[in-house]
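Visitor: Sequence order for the protein chains is A and U.
Residue 1333 in the working numbering is what sits at position 237 of the first sequence, and the numbering runs on without skipping anything.
Residue 133 in the working numbering is what sits at position 130 of the second sequence, and the numbering runs on without skipping anything.
Here a beta-carbon is modelled for each residue, glycine too, at the ideal position from N, C-alpha and C.
These figures come from a predicted structure and were not determined experimentally.
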Amino acid sequence: MAQELLKLENIYKNFGNVKVLKDVNIKINKGEVVALIGDNGAGKSTLIKVITGVHSPNSGKVFFKNEEVQIKSVAQSRKMGIEAVYQERALCDQQELFRNIFAGREITNSFGFLDIKKQRKEAEKILRDYIGFTSKAITVDSQVMGLSGGEKQGVAFGRSLYFNSDLIVLDEPTMGLSIQETEKVLNFVKGLKNENKSAIFIDHNIIHVYGAADRFIILDRGEVVGEFNKEEISREELVQKMIQLHESGKIKVED
Amino acid sequence: MSNLLNSYFVKTHKLEISITIIAIVLFLIYFLGAPHVFTRFPIYRAFMQSMPFFGIIAISATFVVTLGEIDLSFPSIVGITSLIFGMVMTSTDGNVFIAFILATSLGMFAGLVNGLLVTKIGIPSIVATIGTLFFWRGLVNVISQGSGIAIVDVADGTWHHMIFVEKLFGKIPMQFIWFIVLTGLMQWVYRYHKFGNHIHFVGDNKASAQMMGINVDNVKIIAFVQLGFFSALAGIFTMYEMLYFWPTQGEGLMLTTLAAVFVGGTSVFGGKGTIFGTFIGVLIIGSLESGIVALGLSGFYVKFINGLMITVAVTVYALIQRRKN
Chain A
1097 MAQELLKLEN
1107 IYKNFGNVKV
1117 LKDVNIKINK
1127 GEVVALIGDN
1137 GAGKSTLIKV
1147 ITGVHSPNSG
1157 KVFFKNEEVQ
1167 IKSVAQSRKM
1177 GIEAVYQERA
1187 LCDQQELFRN
1197 IFAGREITNS
1207 FGFLDIKKQR
1217 KEAEKILRDY
1227 IGFTSKAITV
1237 DSQVMGLSGG
1247 EKQGVAFGRS
1257 LYFNSDLIVL
1267 DEPTMGLSIQ
1277 ETEKVLNFVK
1287 GLKNENKSAI
1297 FIDHNIIHVY
1307 GAADRFIILD
1317 RGEVVGEFNK
1327 EEISREELVQ
1337 KMIQLHESGK
1347 IKVED
Chain U
4 MSNLLNSYFV
14 KTHKLEISIT
24 IIAIVLFLIY
34 FLGAPHVFTR
44 FPIYRAFMQS
54 MPFFGIIAIS
64 ATFVVTLGEI
74 DLSFPSIVGI
84 TSLIFGMVMT
94 STDGNVFIAF
104 ILATSLGMFA
114 GLVNGLLVTK
124 IGIPSIVATI
134 GTLFFWRGLV
144 NVISQGSGIA
154 IVDVADGTWH
164 HMIFVEKLFG
174 KIPMQFIWFI
184 VLTGLMQWVY
194 RYHKFGNHIH
204 FVGDNKASAQ
214 MMGINVDNVK
224 IIAFVQLGFF
234 SALAGIFTMY
244 EMLYFWPTQG
254 EGLMLTTLAA
264 VFVGGTSVFG
274 GKGTIFGTFI
284 GVLIIGSLES
294 GIVALGLSGF
304 YVKFINGLMI
314 TVAVTVYALI
324 QRRKN
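1) Just how far apart, CA to CA, sit A:Ile1264 and U:His16?
2) Would you kindly work out how many angstroms separate the C-alpha atoms of U:Ile170 and U:Ile104, rounded to a whole number?
3) Can you pull the DSSP bridge partners for A:Ser1294?
4) Cβ closer than 7 angstroms: which chain A residues qualify as neighbours of U:Asp207?
5) Which value, in whole angstroms, describes the spacing of the CA atoms of U:Phe137 and U:Val168?
6) What do you get for U:Leu75, buried or exposed, if any count of 16 or more other CB atoms within 10 angstroms of its CB means buried?
7) Verify whether the separation of the beta carbon atoms of A:Leu1223 and A:Gly1246 is less than 8 angstroms.
8) With DSSP collapsed to three states, give me the class of A:Ile1329.
9) Please report the straight-line C-alpha distance between A:Ser1141 and A:Asn1113, rounded to a whole angstrom.
10) Along the stretch 1201-1220 of chain A, where does the CB come closer than 7 angstroms to a CB of chain U? Name the residues.
11) So is A:Val1150 in contact with chain U if we call contact Cβ pairs under 8 angstroms?
12) Helix, strand or coil: which one does DSSP assign to U:Glu169?
13) By the three-class DSSP mapping on this structure, what secondary structure does A:Arg1201 have?
14) Does any residue of chain U have a CB that is nearer than 8 angstroms to the CB of A:Ser1330?
15) In the DSSP assignment, the alpha helix (DSSP H) including A:Glu1220 goes from what residue to what residue?
16) Taking beta-carbon pairs under 9 angstroms, can you tell me which members of the stretch 1153-1180 of chain A lie near chain U?
17) Comparing the C-beta of A:Ala1199 with each C-beta of chain C, is any distance below 8 angstroms?
18) In three-state terms, what does DSSP make of U:Ile323?
19) Would you tell me roughly how many angstroms separate the C-alpha atoms of A:Val1181 and U:Gly273, rounded to the nearest one?
20) Could you tell me how far apart the beta carbons of U:Leu70 and U:Val205 are, in whole angstroms, since I believe they sit closer than 8 angstroms?
21) On the three-state DSSP scale, how would you describe A:Lys1168?
22) With burial defined as no fewer than 16 other Cβ atoms inside 10 Å of the residue's Cβ, what is the status of A:Asn1283: buried or exposed?
23) Answer with yes or no whether the minimum CB distance from A:Tyr1182 to chain U is below 8 angstroms.
24) Here's a check: name, in chain order, each residue in its chain whose Cβ is nearer than 7 angstroms to the Cβ of A:His1342, leaving out the five neighbours to either side.
25) Here's the rule: buried if 16 or more other CB atoms are within 10 angstroms of the residue's CB, otherwise exposed. What is U:Gly118?
26) Any C-beta of chain A sitting closer than 8 angstroms to the C-beta of U:Ile1?
27) So which of A:Lys1217, A:Leu1243, A:Leu1273, A:Ile1298 has the shortest CA-CA distance to A:Tyr1258?
28) By Cβ distance below 6 angstroms, which residues in the same chain neighbour A:Phe1194 in space, the five residues on each side in sequence not counted?
29) So U:His201 and A:Gln1191 are in contact, right, with Cβ under 8 angstroms, and what is the actual spacing, rounded?
30) From the beta carbon of U:Lys170, is the nearest beta carbon of chain A less than 8 angstroms away?
31) With a Cβ-Cβ cutoff of 8 angstroms, do A:Asp1189 and U:Asp159 count as a contact?
What follows is the structure in structure tokens.
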């Protein structure tokens, strides 16, 4: 029996009158990569923002490591071991890499002053050991502005590994990346399993998703409309289901 | 030479170096054009005496500008806090502790109001602070009924007068010493404190900062509150120098102060800035009027050259920024 890491029960989220999430129930086990798929506006981003503490749900329960929790802030979700890697918005462009890596959880003394030396040293370690940057053009003092999309994504991944999180949330990690960079990102996601880490993965590209994930959760207009393990469904069938959903607004689930 | 130009320090301090060179050139022009004035000490004493009043606010405003926000209300915060300082001083027979605490608390409260309007209500800072600019000045007029307050009897010749504005060794105005110390302290906070770090991230990209776990609203509110505090402090310094409160106190500060921040190289778009640059900006803006007059040009040129400096400086910085992107 797989160990359960995160469970969401009956999650509802409204923005004003708009019901973005309706009675969502999902579960993620340790060492499992789960893909959230669905059209634009299906509620994927909102759902992961509930998990990372950017939004609070209007109702419903969240369990993490079998304990009920209320995730009220990003800082809190990070402390629990949930780390988000957001496409593009993961980093601030004009700030140095070492500041970006530690933004929001700076290494400080008790007066709140930064330990710049330590931050730079640790950032150096992340660049070298976790990301494998060898280019001399990129140092911990580089501004993020000069980095390619893949490099930025690499920094965001390195950061999540360094902080030793249990659950990594990936929001469109391959969007706008070159083929090679995409390959790297997907390998990274597969590599998480070996370390018994879990991930939630949003991507529009079903081919990418199919290769990297163990389980697929299909969202449509705020509801979970289908859930498949990889061994239950082939890539073609998954694509078919999505097309079917798109056309009819329904999914046929065989039992 | 090319080694020097490519060094890490030069690369990361382009703005600071450019602004310093501009200031040196400007002072060279003064020096060569009006040696009879600029080879003697009194002009520098006059600078040291007058610059800190807007300089302290400019340093503090750099935090708000780095956020990509603006505060136009500080001239009126100077007004209302100076009024309270004068009233409390005269009514308590010169109890500087009570007067100082009440005036700076009111300054922080005014900053808090700005911060809440911007973050919780969601009014753009330029609009919100135009509102509070009129509000606090209006309150000054209502309370003071247009009259000034003399604090000469309770402040002149006291120990507090000495530590605020008297001359160190008979030469250096104390307010300048305070200005230097505060600049150093604020530079440290700006670059090396968590708060300064968060200011940069929020100014750079609010949404990213939020997702990285930075409390965007709190950072903004604290920035406005500290500007309220330093506005009050600048008002108190002015009161000690003049020994008098007048109802329009602070009104001339707005343009010189913001000009110093922008000429200093802090980005109008947020996310990047420099306290040192603002300090040099204060030296430039604060010296223009005397410099221009000493050079033999009429006073009518002052605003014109001021305007030219500001426009050219912000254009150059915007171009540097654009090239980078």
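Guide: If we stick to the structure as given:
1) Here residue 1264 of chain A refers to the residue found at position 168 when the first sequence is read from its first residue. Here residue 16 of chain U refers to the residue found at position 13 when the second sequence is read from its first residue. Those two C-alpha atoms are separated by around 37 angstroms.
2) In the second sequence, the residue the question calls residue 170 of chain U occupies position 167. In the second sequence, the residue the question calls residue 104 of chain U occupies position 101. In the sequence as displayed, the identity of residue 170 of chain U is Lys instead of Ile. In this structure, the straight-line span from the alpha carbon of U:Lys170 to that of U:Ile104 is close to 24 angstroms.
3) If you number the first sequence from 1, residue 1294 of chain A lands on position 198. Beta-bridge pairing links A:Ser1294 to A:Leu1263.
4) The sequence position of residue 207 of chain U within the second sequence is 204, counting from 1. What U:Asp207 touches in chain A: Cys1188, Asp1189, Gln1190, Gln1191.
5) Start at 1 with the first residue of the second sequence, and residue 137 of chain U comes out as number 134. Start at 1 with the first residue of the second sequence, and residue 168 of chain U comes out as number 165. Spanning the two alpha carbons is a distance of roughly 29 angstroms.
6) As a working note, residue 75 of chain U is residue 72 in the second sequence. The residue is buried, with at least 16 neighbouring Cβ atoms inside 10 Å.
7) As a position in the first sequence, residue 1223 of chain A is number 127, starting the count at 1. As a position in the first sequence, residue 1246 of chain A is number 150, starting the count at 1. The beta carbons of A:Leu1223 and A:Gly1246 sit no closer together than 8 angstroms.
8) Counting from 1 along the first sequence, the entry for residue 1329 of chain A is found at position 233. For A:Ile1329, the secondary structure class from DSSP, reduced to helix, strand or coil, is coil.
9) The count along the first sequence starts at 1 and reaches residue 1141 of chain A at position 45. The count along the first sequence starts at 1 and reaches residue 1113 of chain A at position 17. The alpha-carbon atoms of A:Ser1141 and A:Asn1113 are separated by roughly 18 angstroms.
10) Among the residues of the stretch 1201-1220 of chain A, those with a Cβ less than 7 angstroms away from any Cβ of chain U are Arg1201, Glu1202, Thr1204, Gly1208, Phe1209, Leu1210, Ile1212, in the order of the chain.
11) As a position in the first sequence, residue 1150 of chain A is number 54, starting the count at 1. Interface criterion met: the Cβ of A:Val1150 is under 8 angstroms from a Cβ in chain U.
12) Here residue 169 of chain U refers to the residue found at position 166 when the second sequence is read from its first residue. In the structure shown, U:Glu169 falls within a coil segment according to DSSP collapsed to helix, strand and coil.
13) Along the first sequence, read from residue 1 onward, the residue named residue 1201 of chain A stands at position 105. Assigned with DSSP and collapsed to three states, A:Arg1201 falls in coil, not helix or strand.
14) Locating residue 1330 of chain A in the first sequence gives position 234, where the first residue counts as 1. At a cut-off of 8 angstroms between C-beta atoms, A:Ser1330 does not count as an interface residue with respect to chain U.
15) Indexing the first sequence from 1 puts residue 1220 of chain A at position 124. A:Glu1220 -> alpha helix (DSSP H) spans 1212-1221.
16) Of all residues in the stretch 1153-1180 of chain A, Ser1169, Val1170, Ala1171, Gln1172, Ser1173, Arg1174, Ala1180 have a Cβ within less than 9 angstroms of some Cβ in chain U.
17) Chain labels in this structure do not include chain C; the protein chains are A and U.
18) Position 320 of the second sequence holds residue 323 of chain U. Correct three-state label for U:Ile323: helix.
19) Taking the first sequence and counting its residues from 1, one reaches residue 1181 of chain A at position 85. Taking the second sequence and counting its residues from 1, one reaches residue 273 of chain U at position 270. In a straight line, the C-alpha of A:Val1181 is about 24 angstroms away from that of U:Gly273.
20) For this step, residue 70 of chain U is matched to residue 67 along the second sequence. For this step, residue 205 of chain U is matched to residue 202 along the second sequence. The pair is a contact, with the Cβ atoms about 6 angstroms apart (cut-off 8 angstroms).
21) Position 72 of the first sequence, counting from 1, holds the residue named residue 1168 of chain A. DSSP, reduced to helix, strand and coil, places A:Lys1168 outside both helices and strands of the structure shown, so it counts as coil.
22) Indexing the first sequence from 1 puts residue 1283 of chain A at position 187. Around the Cβ of A:Asn1283, a 10 Å sphere holds fewer than 16 other Cβ atoms; the residue is exposed.
23) Your numbering for residue 1182 of chain A matches position 86 in the first sequence. For A:Tyr1182, the answer is yes, since a Cβ of chain U falls inside 8 angstroms of its Cβ.
24) In the first sequence, the residue the question calls residue 1342 of chain A occupies position 246. Closer than 7 angstroms at the Cβ level, and outside the excluded window around A:His1342, lie Asp1135.
25) Translated into positions along the second sequence, residue 118 of chain U becomes position 115. Buried: at least 16 other Cβ atoms inside 10 Å.
26) This structure cannot speak to residue 1 of chain U, because chain U is shown only from 4 to 328.
27) For the purposes of this step, residue 1258 of chain A is taken as residue 162 along the first sequence, with counting starting at 1. The candidate whose alpha carbon is nearest that of A:Tyr1258 is A:Lys1217.
28) Against the first sequence, residue 1194 of chain A aligns to sequence position 98. If we look at A:Phe1194 and ignore the five residues flanking it on each side, its Cβ neighbours are Gln1215, Arg1216, Ala1219, Val1236.
29) Locating residue 201 of chain U in the second sequence gives position 198, counting from the first residue. Locating residue 1191 of chain A in the first sequence gives position 95, counting from the first residue. Rounded, the Cβ-Cβ distance is 11 angstroms, inconsistent with contact.
30) To locate residue 170 of chain U, count along the second sequence from 1; it is residue 167. Not an interface residue.
31) Locating residue 1189 of chain A in the first sequence gives position 93, where the first residue counts as 1. Locating residue 159 of chain U in the second sequence gives position 156, where the first residue counts as 1. Going by C-beta atoms, A:Asp1189 is not nearer than 8 angstroms to U:Asp159.
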